[in-house]
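Here's the structure, in structure tokens; my notes come after.
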Amino acid sequence: MFLLVSCQLPLLAFIFLEAKLKDFNSSAQLQRRELGIRQCALLDANQSPWQKLYHARNEQSFITFKGFNYASFDYLLSKFQPLYRRYSPYTENGKISVVHYQDGTRGGWPQFLDAAACLGLVLGYTRTLSLFSRCSIKLLYKVLKEEPSARVEIPSEEEIRVYQEVIFSNFPVLGGTWCVVDRLKIKIQKSGDKEIKNAYYNGWLLSNFVGYILVFAPSGVIVSMIITLQRMVGCMRH
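Oh and the sequence shown: position 25 is 12 in the working numbering, straight run, nothing missing.
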């Protein structure tokens, strides 16, 4: 009993001290003790490093940060922007919904980030889970779902023969080969369910991942893919 109480003394002392500080400190002093960075200490969205990069139109820097050139990004933006103006993330269920006005018309919603900034948020800052980021991910999914060039599909027999000729002309020992395979691990959020978390857990990297087996054509296009769990990858290794 003495050991249990002695172990809890630091915690009890901390709680007691915090309670006393709330009694004797002013509201201004208490505010200074709160953790967190206030909005006034952050850059305005229109003065962010992203805005500098986007408007600089430097292809090399843009590809380094995004993995996209400006032409590809601007094409996606032309498809993304109409949806961004039409849908709102401000819903009770966390889903995006079309904005309806009282007169029956559809329109936009209050935005402090433009469509280019939100698309850049998704394609660049992949670990940000803000409201705008989640909304933009869902809108980008809508765009890519309707984009024919974004579909992952096996090429036609004629295209496969062309790929075989390209590979054979550069690597004669690989006659008949028309694609290459690679694997990618993508870090994901941990699940609260132990069984689901265990399925995605990577003991070597001490985190949760989902695995992708990607099939590339010589053109660089992904023509097939398989999503795997970490447990499946471990079994494949053995």
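For glycine and all other residues, C-beta sits at the position ideal for the given N, C-alpha and C. No experiment lies behind these values; they were computed from the predicted model shown.
Bridge-paired residues (DSSP) for residue i
i: Arg170; result: Ile200
i: Asn195; result: Tyr188
i: Ser84; result: Ser75
i: Ser211; result: Val202
Run of the alpha helix (DSSP H) containing residue i, from where it starts to where it stops
i: Ile147; result: 144 to 157
i: Ser120; result: 118 to 132
i: Val109; result: 102 to 111
Same chain, Cβ closer than 8 Å to residue i, five either side skipped, listed in chain order
i: Ser156; result: none
Within-7 Å CB hit, residue i to chain D
i: Leu63; result: As a matter of chain content, chain D is missing from the structure shown, which is built from one protein chain.
Contacts around residue i, its chain only, beta-carbon distance under 6 Å, and the 5 residues preceding and following it disregarded
i: Pro76; result: Ile83, Leu118, Cys122
i: Thr92; result: With a pLDDT of 48 at Thr92, under the threshold of 50, the modelled position of that residue is not reliable, and the figure given next carries that caveat. Closer than 6 Å at Cβ, skipping near neighbours: no residue.
Beta-carbon contacts of residue i that lie in its chain and below 7 Å, excluding the five residues immediately before and after
i: Ser143; result: none
Can we say the stretch 193 to 203 touches the stretch 168 to 185, given the rule of at least three CB pairs closer than 8 Å?
yes
Residue ranges of each alpha helix (DSSP H) within the stretch 32 to 76, 4 or longer
36 to 43, 46 to 53, 57 to 73
Would you check if the stretch 116 to 132 and the stretch 63 to 70 touch, i.e. whether three or more CB-CB distances between them fall below 8 Å?
yes
Contact between the stretch 141 to 160 and the stretch 173 to 193 (3+ Cβ pairs under 8 Å)
no
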